[in-house]
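Residue numbers (the numbering used here): 12 to 932. For each residue, glycine too, the CB sits at the ideal point set by N, CA and C. Remember, it's a predicted structure, so these values are computed and weren't measured experimentally.
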């Protein structure tokens, strides 16, 4: 061209820079063609990069770029008026060269760590650097897309850069989140490694966002980003990040490729995100098809970068992360379980494992390879191990899909049974818990079900659900299951036993009887009996009131009444019947234990000596001793319930074991003795006297093989009883009557005592009573004499006319004769008291000796020896004349009647205790 013919090379360079700076670059192709040596393509591109303003819209200069890089395209013809040479035409050659030397042109390559290298075409380097310049200077990022669109198909590097860097950037700032406070730049996007990019790009989703928002980011942000994971710059960033990382949370993919390494952080992020926002993660798995489902904006092939089975492996990894999300989930709500089931179903469909999911029946039969699953440990369920390549629980397979489906079905049933647990806990329960721990887990489930029992629940269905949880089989199996269930280590009969207890707990008595007493019952009769006994005992122990018509006692009684007809010969049920009867009877008395604790039925079962509770009843109920028959019934029922009375051994201070056949008798004597003591404490000697002679006196000492140390002590204590002192002393006659009762009681004590040691003490008490009786009789005689004297004194009768003198003399003579007779009789008795023992006392001693002769073997020899050494032949301790003299009295004394009731005689070894001398001495 003539207009350009006069320009030198320096002028051409300066002109090109001026054209670029002014935006008039249309003449650049002609200028470059006129001066190819001074304006090669690289220099022209650098001039454009350095001087062309970034704010110019790309459509104005992209055609020029095409002409510059495409030598085959025809040059546009420009007139001289179209080229402004004013900027260089007045410059000399030297000045032009000087200005050229001062030019500082930008390099085509953006940075040293850029993906472009020496083999990359100059245009690609220019475009990438130009894009960064536009972003940095103007932030007009849509200009970058307009710049690249005419050229991205020319270079795979440029295409990859467009997809992996520019597309995520534009979608972030202009399409997905245009309202965010700040904007991302190319430098920020380009500086992130895979882990950082995944965290940043996916975290844009926000908390509790729409499910499709996360899916959109996975498709439109993460997918394009990972498309450029094979870029050399990205690899350098990832390697640097791995060197700086202290721990690695996921097992490296094998073989390790750029795509596999890039999708790993995505799986980890989904797993972590599920812990705080499971709903959106569920949507990500159900609405997103995994690594093959990415949106590249139409600028590339989504699956073209994968080789061989790499895509299948990525899909399997994606499925593994979904199973990991299910195991890591800690929410037990119904909506969450439904979402987890959707994840498993979707993964099975994507991997062609639909047949591994059990059918839709409520209680399906589950089959899987137990050997593979059993090889896992508790560490396999930790969060940092769920994504491990060798973890059989999460690696997608027919076994892992079947197992996790069964776990989810079990979680649904447990939620229905009001015992929600997490997926991880259920897997641990099934795989790693021992038989004892699984039994505790089963009992915990049943306890939650019974604790939250609601009316109208179908317990037949609940029983089927519990049995299904045992082995995950639709039909019952009597043997150990071939497939694992939640409680598969617990024997089937133990599971049935726990279910039976649950039915009794919720008062489903009719259903329990129908199932477990039938001819085809799943349990043996002994097992049913033991389970029912445990249920009754539990209800009994939990009762707060002993009345069998209320609370736990009512439940225990109802269970017993329901099952006892089916077990008529059960000893356990008979004992329970007696225990409930005794507890029910005790409930009508006021009873408080130590420290103010009210009586509860369990107090009987835990008490070492339940019969002692009757003593507390008598202490706390003032008139309780009057209900002796009721108390005796309680004692008999306690013995029948398996609580024999305890007798302390006076020698060793230990408890003497009591034979079973003697227990009722000993218990009855003990209760009677307690009632006697309570009556005496209430100053009711008459009732105690009645109990002694109507209850204890009718029993023979030899009726039991156990030494009875209870009855005689109660009788002896009654014999020693004295009424408490009061402000108004009792009458003489009442004192005589009470003393007479005590002497009778002491006489019976001599008969009941089983050994010789207490005899001196009992006889001493009897002697003191006899002496008191003598004193009282003397007082009685004096009072009678005074009364007779007053009665015979006619003059004291008001209005009397008095006898005649002869009648008065006869009356006085008769009174003198009576006084002389009484005085002579008293003198004779005083003389005889120095020579022989009291008649009545020795009669009692003789009776005691006879009783001991019959009941105690050691005293027989003593009695025989006493008879041969202390008593002459032909003599007895009491003469017949004395008996005749006693019978001739006007009124026979009651103490002599008691003495005559006792037969036999004591040895001289007993007599000296009394301080008496026999007649023959």
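Per DSSP, residue i is paired with what?
i: residue 609; result: 603
Near residue i, what residues of its chain come up, given a Cβ to Cβ distance below 7 Å and the 5 sequence neighbours on each side ignored?
i: residue 182; result: 231, 232
i: residue 540; result: 578, 581, 583
i: residue 508; result: 534, 538, 542
i: residue 505; result: 450
i: residue 421; result: 437, 480, 497
i: residue 362; result: 326, 327, 330, 407
i: residue 55; result: 27, 39, 43, 79
i: residue 565; result: 559
Assign residue i to one of three DSSP states: helix, strand, or coil.
i: residue 334; result: helix
i: residue 658; result: strand
i: residue 378; result: coil
i: residue 312; result: coil
i: residue 500; result: coil
i: residue 782; result: helix
i: residue 799; result: helix
i: residue 671; result: coil
i: residue 486; result: coil
i: residue 754; result: helix
i: residue 495; result: coil
i: residue 29; result: helix
i: residue 47; result: coil
i: residue 154; result: helix
i: residue 850; result: Bear in mind that a pLDDT of 42 at residue 850, under 50, signals an unreliable position, so the model cannot answer this.
i: residue 472; result: helix
i: residue 640; result: helix
i: residue 718; result: coil
i: residue 766; result: coil
i: residue 925; result: Low per-residue confidence applies at residue 925: pLDDT is 46, beneath 50, and the placement is therefore not dependable enough to give any value.
For the alpha helix (DSSP H) holding residue i, just list the boundary residues, first then last.
i: residue 229; result: No alpha helix (DSSP H) holds residue 229; DSSP gives it neither H nor E.
i: residue 160; result: Unbroken run through residue 160: none, as it is neither H nor E.
i: residue 730; result: 722-730
i: residue 201; result: 197-201
i: residue 358; result: 345-362
i: residue 706; result: First-last for residue 706: undefined, no H or E at that position.
i: residue 135; result: 133-148
i: residue 597; result: 582-597
i: residue 407; result: Residue 407 -> no alpha helix (DSSP H), and no H or E assigned at all.
i: residue 238; result: 234-238
i: residue 319; result: Here residue 319 belongs to no alpha helix (DSSP H), and DSSP marks it neither H nor E.
i: residue 568; result: 562-574
i: residue 179; result: 178-181
i: residue 171; result: 167-172
i: residue 370; result: Here residue 370 belongs to no alpha helix (DSSP H), and DSSP marks it neither H nor E.
i: residue 525; result: 520-527
i: residue 10; result: With the chain covering 12 to 932 only, the question about residue 10 has no answer from this structure.
Please work out which residues of its chain come closer than 8 Å, Cβ to Cβ, to residue i, disregarding the five sequence neighbours upstream and downstream, and give them in chain order.
i: residue 649; result: 589, 590, 593, 615, 621, 622, 678
i: residue 52; result: 43, 79, 80, 133
Which residues in the same chain as residue i place their Cβ atom closer than 6 Å to its Cβ, once the five residues preceding and following it in sequence are excluded?
i: residue 516; result: 461
i: residue 374; result: 479, 485
i: residue 518; result: none
i: residue 18; result: none
i: residue 21; result: 107, 108, 111
i: residue 156; result: none
Three-pair Cβ contact test at 8 Å for the region 205-220 versus the region 146-163:
When Cβ pairs closer than 8 Å are counted between the two stretches, the region 205-220 is seen not to touch the region 146-163, the count staying below three.
Specify whether the region 737-747 and the region 716-727 touch according to this definition: at least 3 beta carbon pairs, one from each stretch, less than 8 Å apart.
no
The region 542-554 / the region 602-617 touching (three or more Cβ pairs under 8 Å):
Cβ pair count under 8 Å is three or more, so yes.
Examine the Cβ distances between the region 364-379 and the region 434-454 and report whether three or more of them are shorter than 8 Å.
Between the region 364-379 and the region 434-454 there are fewer than three inter-stretch CB-CB distances shorter than 8 Å, so the stretches are not counted as touching.
Counting beta carbon pairs with one atom in the region 372-386 and one in the region 295-302, are three or more of them shorter than 8 Å?
no
For the structure I just gave you, are there three or more beta carbon pairs, one from the region 684-703 and one from the region 669-676, closer than 8 Å?
no
Taking three-plus beta-carbon pairs below 8 Å as touching, is the region 332-351 in contact with the region 199-208?
Contact between the region 332-351 and the region 199-208 is absent, with fewer than three C-beta pairs closer than 8 Å.
Under 8 Å: do the region 755-768 and the region 723-733 share three or more Cβ pairs, one atom per stretch?
Because the criterion of three Cβ pairs below 8 Å is met, the region 755-768 and the region 723-733 touch.
Answer yes if the region 681-697 comes into contact with the region 621-637, meaning at least three C-beta pairs across the two stretches below 8 Å, and no otherwise.
The answer is yes - the region 681-697 touches the region 621-637, with three or more Cβ pairs under 8 Å.
Count the C-beta pairs between the region 172-191 and the region 232-248 that are closer than 8 Å, then say yes if the count reaches three, no if not.
yes
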